[in-house]
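S.K.: Following UniProt numbering, the numbering of the sequence shown begins with 1 at its first residue and continues without gaps.
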Amino acid sequence: MPSLALRIGDKNFRATLYDNDSTRSLLKKLPLTLTMDELNGNEKFYFFSEKLPSASERVGSIKTGDLMLYGSDCLVLFYESFPTSYSYTRLGTVDDVTGLANALGSGSVEVTFSIN
Numbered sequence: 001m002p003s004l005a006l007r008i009g010d011k012n013f014r015a016t017l018y019d020n021d022s023t024r025s026l027l028k029k030l031p032l033t034l035t036m037d038e039l040n041g042n043e044k045f046y047f048f049s050e051k052l053p054s055a056s057e058r059v060g061s062i063k064t065g066d067l068m069l070y071g072s073d074c075l076v077l078f079y080e081s082f083p084t085s086y087s088y089t090r091l092g093t094v095d096d097v098t099g100l101a102n103a104l105g106s107g108s109v110e111v112t113f114s115i116n
């Protein structure tokens, strides 16, 4: 799998992607610039207009930098770690999360995703 480049404001991050149908489907959409909304003080999310393949599992815990699919149409980027009972499809994880929470801020934010 290629690595994923994320640009948030003037900050750049790189993510390692998991090899699955959901990730391959996401890669076909790139590059994308999305306005991601805030939820719960720990994540940014974006609803696609079409569904992606999904293979949800109870992940047990979220780690800062996790990139996941909720349901089959909601892309989620987490910037805080916490336990969860929700199910997600794993897409990837940000390699170095230093400054990720600050870059994402407290409201909606524009994030550009591209193949690195």
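Ideal Cβ placement from N, Cα and C applies to all residues, glycine included.
#1: Can at least three beta-carbon pairs, one atom from the segment 102-110 and one from the segment 59-72, be found at a separation below 8 Å?
#2: Could you please give the first and the last residue of the uninterrupted beta strand (DSSP E) stretch that includes threonine 23?
#3: Is it true that the CB of threonine 23 sits closer than 7 Å to the CB of leucine 91?
#4: Is the CB-CB distance between leucine 69 and threonine 89 below 7 Å?
#5: Since glutamate 110 sits in a beta bridge, which residues does DSSP pair it with?
#6: How close, in whole Å, do the beta carbons of valine 94 and alanine 5 come, if the pair is a contact with beta carbons under 8 Å?
#7: Going by the CB atoms, is the gap between serine 87 and leucine 52 shorter than 7 Å?
#8: Using only alpha-carbon positions, find the residue among Leu39, Thr112, Ser114 and Phe13 that is nearest to leucine 100.
#9: So within the segment 49-94, which uninterrupted beta strand (DSSP E) runs reach at least 3 residues, ignoring any that extend past its ends?
#10: Taking the alpha carbon of serine 56 as the point to measure from, which residue in Phe48, Asp21, Leu17 and Leu32 has its own alpha carbon closest?
M.R.: So, from the listed chains and residues:
#1: Two segments are said to touch when three or more pairs of C-beta atoms, one from each, lie closer than 8 Å; by this definition the segment 102-110 does not touch the segment 59-72.
#2: Residue numbering aside, residue 23 sits at position 23 when the sequence shown is read from its first letter. According to the DSSP assignment, threonine 23 belongs to no beta strand (DSSP E) but to the alpha helix (DSSP H) extending over 21-27.
#3: Along the sequence shown, read from residue 1 onward, the residue named residue 91 stands at position 91. Along the sequence shown, read from residue 1 onward, the residue named residue 23 stands at position 23. Against a cut-off of 7 Å, the Cβ pair of threonine 23 and leucine 91 comes out as a contact.
#4: Translated into positions along the sequence shown, residue 69 becomes position 69. Translated into positions along the sequence shown, residue 89 becomes position 89. Yes, these two residues count as a Cβ contact at 7 Å.
#5: Taking the first residue of the sequence shown as position 1, residue 110 is located at position 110. Bridge partners of glutamate 110: Thr35.
#6: Locating residue 94 in the sequence shown gives position 94, where the first residue counts as 1. Locating residue 5 in the sequence shown gives position 5, where the first residue counts as 1. Alanine 5 and valine 94 do not touch by the CB rule: their CB atoms are close to 11 Å apart, not below 8 Å.
#7: Locating residue 52 in the sequence shown gives position 52, where the first residue counts as 1. Locating residue 87 in the sequence shown gives position 87, where the first residue counts as 1. Contact: no.
#8: Indexing the sequence shown from 1 puts residue 100 at position 100. Across the set Leu39, Thr112, Ser114 and Phe13, the C-alpha of Phe13 shows the shortest separation from the C-alpha of leucine 100.
#9: The qualifying runs are 66-70, 74-78 and 87-94.
#10: Here residue 56 refers to the residue found at position 56 of the sequence shown. Checking every option, the nearest Cα to that of serine 56 belongs to Asp21.
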